[in-house]
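In our numbering, the protein residues as written are 10 to 111.
What follows is a short report on a single structure.
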């Protein structure tokens, strides 16, 4: 089976998280959980990080936007990752790692 463009983004983000030693998982809702939850949930040095992965210029839905805003409102970090901002994700993880170490 061919790898989708979004799967390629997810694979790259997971590789970054693994290389930085970040705990992470993919919440599997399968129609039973909360819709719109970001693709990857992570914990970086005690900080909650949620990552929604998009590819090919795809945009987040209104439901995904609400979930991201709710996470941010509660003090978590939530971002949208794509083929063009992998370095931003790596930099964010490193910044979050340093905040607790200071």
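We treat Cβ as the ideally placed atom computed from N, Cα and C, and that holds for glycine.
Everything numeric in this text was worked out from a predicted model, so none of it was measured.
Proximal residues to residue 76 (C-beta, below 7 angstroms), its chain only, five neighbours per side dropped: 45, 46 and 47
CB of residue 58 within 8 angstroms of CB of residue 107, strictly: no
Those residues which DSSP pairs with residue 34 across a bridge: 50
Determine, using beta carbons only, whether residue 102 and residue 53 come nearer to each other than 8 angstroms. yes
Taking only the alpha-carbon atoms, compute the straight-line gap between residue 39 and residue 49 and give it to the nearest angstrom. 15 angstroms
Using DSSP with H/G/I as helix, E/B as strand and the rest coil, what is residue 99? helix
Are residue 72 and residue 51 touching if we call contact CB-CB under 8 angstroms? no
According to DSSP, what are the bridge partners of residue 88? 60
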